[in-house]
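These notes are about the structure you will find just below.
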Amino acid sequence: MVPGIVDPCMVLVLTLNFHILGTPRLRSLIFVVGLHGALLGFLYPVAHQGFHAEFHGGPAALGALIRLGLLTAAIVGIKGLLIPNVMHRAVRLADIRPTLSSVIGFTPSVLLGGIGTGAAFLFASRLPLREGHEHHLLVPASLATVLAGFLVLVTRREALGQVLGYIVMENGIFVFGLLLIDAMPVLVELGVVLDLFVGVFVMIIIVNHVSRAFPEASTEHLRTLRE
Amino acid sequence: MTSHALILTSGLIAMASGFPALVLPRSNAVQALTSLILLAGNAAGAFAVRGWWMEGPTPPLAFPSPFDGLSVGIAIDGVSAAFLVPVLLVTSLASIYGLGYWRQSEHPENGVRVGLFLGLLSGAMTVIVTARDGLMFLAGWETMAVAAFFLVAAEDHIRETRMAAWLYLAASHLATLCAFGTFLLLYAINGTYEFVPIRETGTAASTALVLLALVGFGTKAGIMPLHVWLPSAHAQAPSHVSAVMSGLLIKMGIYGLVRVAMLVPDMPAEWGLFVLAIGTVSAILGVAFAVGQHDIKRLLAYHSIENIGIIVMGLGLALVGRSVGNPVWTLLGISGAILHVWNHALFKSLLFLGAGSVIHGAGTREIDRLGGLGKRMPVTATCFLIGAVAICGLPPLNGFVSELLIYIGLFRVATGADASTASVAALAAPGLALVGALAVACFVKVHGIVFLGAPRTPEAAKAHESSFVMLGPMAALAACCVVIGVVPLAVAPILDVAAAAFTGGVAGPASLAESAPLAAISGVAGLFAGFLAAGALFLGVRGVGRAPRSLTWDCGYAAPSARMQYTSSSFAETLVHLFSWALRPETHRPAIKALFPDDAHFESHVRDTVLEKALFPLTRGVLWLFSWARYLQAGNLQASLMYILAVILFLLLWR
Amino acid sequence: MFESFPFVSVVHILVVLVAPPLLPGVINRVKAIFAGRRGQPLLQTYYDIVKLIRKESVLSETTTWVFLFGPVAAVSTGLLAALLVPLGNASAPLSFEGDLILLAYALALGRFFTMAAALDTGSAFEGMGAAREATYACLAEPALFLGLIAIARLTGGLSLDGMLGPALLHGWSVAAESLLLVLISWFVVLLVENCRIPFDDPNTHLELTMIHEVMVLDHSGPAFGMVLYGASLKLFVFSALVVRLAFPVRTGSEPLDWIVVLAGTIGVAVGVGVIESTLARLRLTSIPALLTGAGVLSLFGMILALVH
Amino acid sequence: MIVWLILAPLAAAAIAMAIPSNRFRPWILPAAASVQLALVARLVPHGDPRLFNRWLAVDPLSRPFLAIVGVVFFLCSLYAPSYLRIRAERPNRVLCACLLLFLAAMNLVALAHHLGLMWVAAETMTLVTIPSIYFNHNPRSLEAAWKTLVLGSVGIAMALLGSFFLAYAMLEGGSASTLLIDELVERPHTLSLPWLRAAFVLLVVGYGTKMGLAPMHTWKPDAYGEAPGMAGALLAGGMTSCAFLCVLRFVHIARIADDADYASRILLFFGLLSMATAAVYMAKQKDIKRCLAYSSVEHMGMLVFGLGIGGGAVAGALLHVIHNAVCKTGMFLAAGNIHRAYGSKSTDAVRGVLRRLPASGGLLLVGFFAITGSPLFGPFVSESMIVGGAFASGQLAAGLAFLALMLIVFLGMGNTLIHCALGPEPESANATRFRDRIPMVAPVAICMLLTFALGIHTPEFLRDWIDGAVAFLASGPAVP
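Protein chains in written order, with my numbering: chain A, 90 to 316; chain B, 232 to 886; chain C, 68 to 375; chain D, 3 to 482.
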């Protein structure tokens, strides 16, 4: 019952994942992560079956339509525009090096991402799925994206890279949320977005501090607190 | 007020005795006040015991507990009373002694602290032996443990003292946790923390209970190889504290063992034999280590291990007797153990107080730097001699009586039991004989080197006798040693009651007066005193005491110097060598290279083998392993994130 | 006529008071015979003691009352021990359950004060002697007790009277090998406790190698007389123990029993003399090995008694 | 009414932002804390009708937690003005506001009766603690703040994914999907087991990160070590307790779904692993505050261990939340005083505390004995319930392992703290002029007195709360 457009989008998401894992260029990464977020934002109304039902239901659904539109705009706006912009500003102001580095290198990152995606598919195929969800890519794509985000978090040395990894991970979780839109009250959805916004915002503030305290903004420097 | 309420009050007064001094100005008078309150508390305790003795058993005093629907209680029974008597007596005497030994004006920094925690320690022990349930017991237990920690750490500006205090605390916490586990298991089995016997044995829980109790209380009591904390703590604590610790605190471990033994009435005989065996080993090794020491307080501390071993032997004997249903063995074992608890409390406190007097007078604990103190400190020397003879178990003093009970019990088992049971007892009795002979060697050494001969250092030559407040308690303890040794029948009734409490009235054993030659001991003591008097009279009549004085015969060498005297290390050398497989003596020899070497220096030490050769390496090994774990947390955020990922994947795949 | 307790006790006490100094004389006579000399009179020890009691004494400056207490304690404990060992047919004057332990511990008390007296002089030699005495006693004591356990197991008695009486005869009949081992072991204990060759040479002239003799170097006059008497008492006690162990037979005639025991002790003294004449003193370092050997013999004896 | 528990701190935060004086601003904290305590005293005993479509409520489970938050915050707020007076060189506007927001967030976690709202509150809790960790504005505190933020956010993301999984488990199980606790408790649900289990793992990992369970604990020593003692106290006493409440909620759901055994296994795993990790890293620990942080890891382990054991141990775990919070708060405040007095928190410099700071040092030792399970103190009571529960339910090995780990922890912690407390004072040049002063010792003393009092006697109302919470945890829809 998931609209047919969702699956191609998921393929796109997965492709973007690989790009995120493979690119060392910060600007390109910020852009792609923004794109990633925006894409999911657009999927939000598409996946909202309850809305479709209400929409066909009659004029009472107009309020719902407005709500949906605002929410979509908020998600797309925050994830696709605001966050990339803030990040670009941070890069510019804090004079952060424009390339990222990886603990294990970029090719192995992509390779691991591939393995992770395969594992996600395997895992998802073994989970009992609800009728209508079995043949869709939502579950595996969600898990694969979470894994990809985690991989970026674990392997990137720079603080900003980790922030981006975190966003990717959140996006993966959001993909899963698409399955549940009907069941989940709007407030929680808003919470997701707000938390993402606030969380990332605070992170960026800290990254600014970090880059002022330690040039290079690499977390390699953040290793004085240890056993 | 019932005797149960009175004994609790007594404990609380004792605990509170040091608190007024916290707010009052620091002076010797306030210190005396602290002692006085403690004495008042202990006197109340004595009245409580007397009241209990008169009125017989009454229902325990109960309070609501911090737990749901449970109550905790206080009561005196035979075993409690048997432990209460030494507690009340020795803490009082130690407190008085402290007024001279640890004067506030001489110890402005920690005088108040020592008074405070000594009171807490005394009261806590009263609570322990009267507690009727695990919670009350543990409350008293921990108060005691922590108070003793601060007492050991009284002189915490000395590094060794800090190490000793920490080692004590570590061992003490092991003991506390084991006791904790013991009573929790009791709770799990019985559904109550009250001391109610377990009816089903042989289950994993009851086995664990007994093992935990053995480790926990054994650690507190200082059974070899769990004794590691004991020598250094006793050596570093102020002497009157050492007296209380050695005389009483470690006995609380014994009390715990006795109490747990009462909770598990259906123990197999093998456990009793095991206890007997560890007691024997502990006694032999304890005294062997003692022989090698040249610090008088460490030496006395190792003798505590020995005597605890003897007490545990008695307990093991009682357990064997209980298992096979032989009331006489049980009676001899438990009353021997409890009487030895008393005796050890008396003579070991006496010896520690004597050692304190020596330290106070001559300023060192090193036996080899003393000598000839008998002339300058005659009272201390005589009291110490009485303690020394008593601790060796020699007639006609108290140590002999308790050891005799245990010996007779062992001989009875060896002659009366089947071959396998008898074999343990048949090895334990010669073991005890070996212990006795070693103790004689050790105490001849201590007394001889410290008090006899000529002073080895100028400090020893200038030693002064202690004041009356210090000598009085020692004299009192010495008198107790003599009285119990000469008239053991006087203490037989309370031992009978304690033994009856131990068996829980099941197959009530015969009275001690019938089972052991206590009356004969008195007769023999009288006869012996007659012999001694006759001999002394003879020498007196012959005027030997007024004989002319001359130099000691030294094979024609007429300029003997005090440093030529035999030292404690040389005295013990052969014995240390005989036991070197266990003692691992450490010698530092000079390397002689030239024909005419310069000043050379030779040292030998007997360190604690378990501590140095087992525990420290083990700790280092564990710490080394732990240090590897530190690489897992090298401040790397990526690594931390990976642990999260890893644990999620692991748990998702863990079926 | 021996049935009445006090009379037997009086005999016992008289024997104990009078007989002991004879034994060193016997030993010395045997040694003299082996050496082809005429030797001292048999009663030389009595003469020595009497002479010493009449002499003046000199004390060391360093000593205290403990020094004089040593000989007193040695004699007192020796007497006490001697009253515990059954000699004739009737029981010893002092006899109760567990008296065997009192015997061992009374002797230990005597040893304690002898050693303390030695240390009181502050002499390195006397300290050395005390140390050796203490050390060897540690090894001898278990051997003694292992033997006692074996005997107690075989006889079921816990007092020396019961253990060394007719019940022991039964013991010899059922477990002779066990008791034989104990007997050998106890004889070794006798030698070491009384400082005889091969453990100690009472006649040596070098203080460095002595044990008992060096401890009493500073005693003189009456006190030294007591030392000699105490030493002979101890020898007598151990001899009597060995005799009673080896020969628990009751002849039926009570005077004969007394004669048997006394003759036995003299026999033991002869044996000691023979050993002293034929064996050399051991090196000090190998003494522990021999004593341990004695202990092991006793242990075997005890094990045999247990499995029996 | 209960909404004031959230609104009052928010208002106070706004006021704090508005007050210009660095010196007077901190007094808003005790004021807000008093309001909090008054509200808690008013509301908690009775409970309150559900609010906002049953999204907020005081239920039996949240009662003890609201009380803890109130007490811990109150004690810290008593300490705060004097502390901030000493630290006059640092502006405290953001700190004060964030502490108040933190209070609001903790209250919201305790009140939230909707799993999604609870999650939002938990996330807020993480975010608003960051400025207090970064209070010192030096590279070390920045690092600590960064690590706390990233790990906390990842954890909270996992919790979100877990919540989604849980919702999906309901969908898949065929029942109407709801995250409202009341509905979950009242209506029978069939949940899809694989999804439920995956959800449970993610949720425990997620909220466990906030609690500081090993191996998600790595932020804890850093944050506690670098934050002011007061903030450390709030984190250790307040935040971790609230995170435990979140875990409790999911254990409740697992029980409703009849999958308690799986949950127990996961909880025991985390419990023992946390205790073991704490034991390992406490050995030879040279930093007092990090040592306390590991102690916190250990006690969080104890909580989930008790929960995993089940039976009487659950009540023990609930009680232990309170005992641990009170005692740990006092210890962190005392450690803060020591840090002030020595200008260091390393055992190399901190020696002879009992001589330099007799009150703080003595109270820290009291706290040490209390927290390591000495009888007479609160934690002993709860720990004995936990281990006693383990023994009573036949889990002998687990109980013994618990005791053994307690011993190792004692050894490690004691080695650090005892050696700081005893001995002569060092003659180091960097000694500050700070000494014990009543406003900064009194809160510590109150904590220790409370700990002691709770060890002697558990008050009737507390017993009722615990019983109520245990009953609530056992409640659920009738099995069809």
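Glycine included, every Cβ here is placed at the ideal spot set by N, Cα and C.
Residue from the options with nearest C-alpha to residue i
{"i": "B:A612", "options": "B:P689, B:H571, B:A355 and B:A694", "result": "B:A694"}
{"i": "D:V1", "options": "D:G345, D:T220 and D:V187", "result": "The first residue shown for chain D is 3 and the last is 482, placing residue 1 of chain D beyond what the model contains."}
{"i": "B:L625", "options": "C:H237, C:A140, C:V97 and C:S127", "result": "C:A140"}
{"i": "B:F505", "options": "B:D830, B:T652 and B:L635", "result": "B:T652"}
{"i": "D:I373", "options": "D:T453, D:S362 and D:T349", "result": "D:T453"}
{"i": "D:P360", "options": "B:E340, B:V446, B:A593 and B:R529", "result": "B:E340"}
Strand pairing of residue i, partner residues [DSSP]
{"i": "B:E597", "result": "B:D526"}
{"i": "D:E462", "result": "None, per the DSSP bridge assignment."}
{"i": "B:P295", "result": "B:S302"}
{"i": "C:P152", "result": "Note on residue identity: the sequence assigns Val, not Pro, to residue 152 of chain C. Answer is none; C:V152 lacks a bridge partner."}
{"i": "B:E425", "result": "B:D364"}
First through last residue of the beta strand (DSSP E) which encompasses residue i
{"i": "B:I305", "result": "S302 to I305"}
{"i": "A:L319", "result": "This structure cannot settle anything about residue 319 of chain A, because the visible part of chain A is limited to 90 through 316."}
{"i": "D:A59", "result": "L58 to V60"}
Chain G contact residues for residue i, given Cβ-Cβ distances below 8 Å
{"i": "A:R312", "result": "This model lacks chain G altogether; the protein chains it does include are A, B, C and D."}
Span of the alpha helix (DSSP H), counted from its first residue to its last, around residue i
{"i": "B:V360", "result": "G342 to T361"}
{"i": "B:V620", "result": "P609 to I622"}
{"i": "C:E274", "result": "No alpha helix (DSSP H) holds C:E274; DSSP gives it neither H nor E."}
{"i": "D:M232", "result": "G231 to L236"}
{"i": "C:R121", "result": "Q111 to R121"}
{"i": "C:F367", "result": "I354 to V374"}
*asked:* With three or more beta-carbon pairs closer than 8 Å as the criterion, would you say the segment 213 to 222 of chain C touches the segment 349 to 368 of chain C?
replied: The answer is yes - the segment 349 to 368 of chain C touches the segment 213 to 222 of chain C, with three or more Cβ pairs under 8 Å.
*Along the chain, which unbroken stretches of the alpha helix (DSSP H) at least 4 residues long are found entirely within the segment 803 to 867 of chain B?*
DSSP runs (the alpha helix (DSSP H)) wholly in the segment 803 to 867 of chain B: 811 to 814 and 847 to 860.
*Entirely enclosed alpha helix (DSSP H) segments - the segment 739 to 785 of chain B, minimum 4 residues*: List check, alpha helix (DSSP H) in window: 743 to 746 and 749 to 772.
*Quick one: complete beta strand (DSSP E) runs, 3+ long, within the segment 305 to 335 of chain C?*
The beta strand (DSSP E) runs of length 3 or more contained entirely in the segment 305 to 335 of chain C do not exist; there are none.
*In chain order, which continuous runs of the alpha helix (DSSP H) of length 4 or greater are located wholly inside the segment 131 to 203 of chain D?*
The alpha helix (DSSP H) runs lying completely inside the segment 131 to 203 of chain D and spanning 4 residues or more are 141 to 175 and 183 to 188, given in chain order.
*the segment 578 to 591 of chain B contacting the segment 616 to 623 of chain B, beta-carbon criterion three pairs below 8 Å*: They touch, by the three-pair rule.
*Using 8 Å as the threshold, is the segment 188 to 197 of chain C in touch with the segment 278 to 286 of chain C, meaning 3 or more CB pairs across them?*
Contact between the segment 188 to 197 of chain C and the segment 278 to 286 of chain C is present, with at least three C-beta pairs closer than 8 Å.
*Kindly provide the ranges of any alpha helix (DSSP H) runs that are 4 or more residues long and lie completely inside the segment 361 to 442 of chain D, ordered along the chain.*
Counting whole runs of 4 or more residues, the segment 361 to 442 of chain D contains the alpha helix (DSSP H) stretches 380 to 394 and 398 to 423.
_For the structure I just gave you, are there three or more beta carbon pairs, one from the segment 495 to 502 of chain B and one from the segment 426 to 445 of chain B, closer than 8 Å?_
Using a Cβ-Cβ distance cut-off of 8 Å, the segment 495 to 502 of chain B and the segment 426 to 445 of chain B are in contact, since at least three pairs of beta carbons, one from each stretch, lie closer than that value.
_4 or more residues per run - each alpha helix (DSSP H) lying fully within the segment 439 to 470 of chain B_ = Secondary structure within the segment 439 to 470 of chain B: the alpha helix (DSSP H) runs of 4 or more consecutive residues, fully enclosed, are 461 to 467 (chain order).
*Is the segment 416 to 429 of chain D touching the segment 281 to 301 of chain D, taking contact as three or more C-beta pairs under 8 Å?*
Counting Cβ pairs under 8 Å, three or more are found: they touch.
*State whether the segment 117 to 133 of chain D contacts the segment 95 to 105 of chain D, with contact taken as three or more CB pairs (one from each stretch) at a distance under 8 Å.*
The segment 117 to 133 of chain D vs the segment 95 to 105 of chain D: in contact.
*Counting Cβ pairs closer than 8 Å, one from the segment 770 to 784 of chain B and one from the segment 122 to 129 of chain C, do we hit at least three?*
Counting Cβ pairs under 8 Å, three or more are found: they touch.
*Segment contact, 8 Å Cβ cut-off, at least three pairs: the segment 243 to 254 of chain D with the segment 70 to 85 of chain C*: Counting Cβ pairs under 8 Å, fewer than three are found: no touch.
_Ordered list of alpha helix (DSSP H) runs contained in the segment 63 to 94 of chain D, each at least 4 residues_ = Listed in chain order, the complete alpha helix (DSSP H) runs (minimum 4 residues) inside the segment 63 to 94 of chain D are 64 to 88.
*In chain order, which alpha helix (DSSP H) runs of at least 4 residues are fully inside the segment 294 to 352 of chain D?*
List check, alpha helix (DSSP H) in window: 314 to 344.
*Is it a yes or a no for the segment 132 to 146 of chain C touching the segment 637 to 647 of chain B, going by three-plus beta-carbon pairs under 8 Å?*
The way I'd put it, the segment 132 to 146 of chain C doesn't touch the segment 637 to 647 of chain B; fewer than three beta-carbon pairs between them come closer than 8 Å.
*asked:* Going residue by residue through the segment 482 to 558 of chain B, where are the continuous alpha helix (DSSP H) segments of at least 4 residues, counting only ones entirely within it?
replied: 500 to 522 and 527 to 555, all fully within the segment 482 to 558 of chain B.
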